[in-house]
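Contents: one structure, followed by commentary.
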Amino acid sequence: MTSIFGGAEPMTFDLAKETVGQLFSLTYRKIGHVLATRFKPFDITTEQWSVLSRLSEQEGISQKELANRSLKDQPTVTRILDCLERKDLIRKTANAEDRRSFLIYMTEKGKGVVGELLPHFHQALADVTEGIPEKQIELFRETLYKMIENAERHKA
1 MTSIFGGAEP
11 MTFDLAKETV
21 GQLFSLTYRK
31 IGHVLATRFK
41 PFDITTEQWS
51 VLSRLSEQEG
61 ISQKELANRS
71 LKDQPTVTRI
81 LDCLERKDLI
91 RKTANAEDRR
101 SFLIYMTEKG
111 KGVVGELLPH
121 FHQALADVTE
131 GIPEKQIELF
141 RETLYKMIEN
151 AERHKA
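44 is the number that UniProt numbering gives to position 44 of the sequence shown; each next residue is one higher, with no gaps.
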């Protein structure tokens with residue numbers, strides 16, 4: 001049997017001994033694996049999904065803005081956009097206000113892929129929160145926002 005952390009230990013752990021950071025990391029990875037499995041038939045990675053889903057909220061934004069919204073650095077977003085462009089899911093157009101940047105738009109094919117993936121994304125989230133009351137999920141969300149606030153306030 002393997003441990004939840006990937007070793008040869010039993011799949012048990014003491015919540016009191018695990019740091020919040022370790023649990024965040026583990027949860028992030030586990031959810032990422034669920035999403036990757038659901039997205040694989042569509043030839044989309046979770047990294048590509050994070051950019052596509054943000055772009056679907058507002059098109060015609062710069063790479064810099066897209067990087068900010070998707071919580072990724074600009075070189076990572078550039079790499080992802082290049083891949084999405086090769087797949088004909090997005091297109092870049094020159095930014096009339098700033099010649100050094102591009103504005104990013106989804107193609108019809110890209111919009112179709114997002115439309116196909118959205119139900120899989122929502123189902124994956126429903127699956128990983130199965131058995132957890134909505135009230136508890138909302139409290140967890142509030143706790144995370146408070147921790148983000150605290151981390152921002154205390155960063156050096």
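Every residue, glycine too, gets a C-beta built ideally from N, C-alpha and C.
The structure displayed is predicted, hence computed values, not measured ones.
- Sequence-distant Cβ neighbours of residue 129 in its own chain, meaning closer than 8 Å and more than five residues away, are 137.
- When DSSP states are grouped into helix, strand and coil, residue 71 belongs to the coil group.
- The beta strand (DSSP E) runs lying completely inside the UniProt domain "HTH marR-type" (17-149) and spanning 3 residues or more are 90-94, 102-106, given in chain order.
- Rounded to whole angstroms, the Cβ separation of residue 35 and residue 27 is 12 Å, and the two are not in contact under 8 Å.
- Its chain contains 73, 74, 76, 77 as the residues whose beta carbon lies nearer than 8 Å to that of residue 67, once the 5 sequence neighbours on both sides are disregarded; these appear in chain order.
- Between residue 144 and residue 113, the CB-CB gap reaches or exceeds 9 Å.
- Of the candidates 44, 101, 132, 150, 44 places its Cα closest to the Cα of residue 118.
- If you draw a straight line from the Cα of residue 101 to the Cα of residue 131, it is about 46 Å long.
- Of the residues assessed, residue 124 falls on the buried side of the cut-off, its CB having 16 or more other CB atoms within 10 angstroms.
- When the alpha-carbon of residue 108 is set against those of 126, 99, 84, 94, the nearest one is in 84.
- The beta carbons of residue 56 and residue 70 sit about 11 Å from each other, so the pair does not count as a contact at 8 Å.
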